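I have placed the structure first, in the form of structure tokens, so that the comments after it can refer back to it.
Protein chains in written order, with this note's numbering: chain H, 2 to 114; chain X, 337 to 447.
Here it is as structure tokens:
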């Protein structure tokens, strides 16, 4: 089945630093989504990307849909303590079964004040 | 709007018991999903539905059943609970192929 490789697995940064994480796949995707999950809660949608090459921002967050349609990255600028959490990428495949959303294994972000 | 509501929040089952995890959404979304989340493993799709009366298997459907008799509700049934089903379960909904909205999860332990 389709798989997403998300990296890094974890990051430890100082408050104020910028963060970058990415997802890659051997398959082509029609949609890339980025989620954040806080402990004990469900994932919350941060950014949705629907077109190859699309670059979208949401406050300090910026995400891009790779031109090859096989990758996406998420940047967080000037990190703050509330950015702590697990970030997941997710994609909808271009082949049959595009209703299904495939998730990466997550990037755990720790921000030291 | 309540969004996606899951009940219960926590449950402990004995091996072999059965239970139903409830999920309801009030956003008139046509697509609904059940995922399970194990530590360090991301989310794995159990079952999904693209509309009332239609359900399909996801990546890990064994040991589970679903039904979708209304647009709003998508219950997940465990018939014979096993320790391997200890996990956190998330229900989600979306309008067609747009982003998913998740509930707050059900933490299930099977002992």
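For glycine and all other residues, C-beta sits at the position ideal for the given N, C-alpha and C. Note that this is a predicted model, so its numbers are computed, not measured.
Membership of residue 69 (chain H) in any beta strand (DSSP E) is not indicated, and neither H nor E is assigned to it by DSSP.
Put simply, the segment 397 to 408 of chain X does not touch the segment 338 to 345 of chain X. Fewer than three CB pairs are less than 8 Å apart. Listed by position along chain X, the residues whose Cβ is nearer than 8 Å to that of residue 49 (chain H) are 434, 435. Between the alpha carbons of residue 443 (chain X) and residue 53 (chain H) lies a gap of roughly 37 Å. The shortest C-alpha to C-alpha distance from residue 105 (chain H) to any of H:114, H:75, H:81 is the one to H:75.
CA-CA distance, residue 355 (chain X) to residue 55 (chain H), rounds to 44 Å. From the listed residues H:26, H:16, H:17, H:13, the smallest Cα separation to residue 70 (chain H) is found for H:26. If the five residues before and after residue 413 (chain X) are omitted, its C-beta is found closer than 6 Å to the C-beta atoms of 356, 401, all from its own chain and listed in chain order. Taking a C-beta cut-off of 7 Å against chain X, the contacting residues of the segment 84 to 113 of chain H are 89, 93, 99, 100, 101, 102, 104, 105, 106, 107, listed in chain order. For residue 84 (chain H), same chain residues with a beta-carbon under 7 Å away, outside a window of 5 residues either side, are 77, 110, 112 in chain order.
Proximity of chain X to residue 43 (chain H) at the Cβ level (cut-off 7 Å) is accounted for by 426, 438, 439, 440, 441, in chain order.
Per DSSP, the beta bridge partners of residue 444 (chain X) are X:347, X:423. For a Cβ distance threshold of 9 Å, residue set 433, 434, 435 of chain X lies close to residue 32 (chain H), ordered along the chain. For residue 432 (chain X), there is no enclosing beta strand (DSSP E), as DSSP gives it neither H nor E.
Chain H has no Cβ within less than 8 Å of the Cβ of residue 383 (chain X). For residue 398 (chain X), the number of other beta carbons within 10 angstroms of its own is below 16, and it is reported as exposed. One finds 106 in chain H with Cβ atoms closer than 7 Å to the Cβ of residue 377 (chain X), taken in chain order.
Boundaries of the beta strand (DSSP E) harbouring residue 360 (chain X): 355 to 361, taken from the DSSP string. The straight-line gap separating the alpha-carbon atoms of residue 23 (chain H) and residue 371 (chain X) is approximately 22 Å. With at least 16 other beta carbons inside 10 angstroms of its own, residue 360 (chain X) counts as buried.
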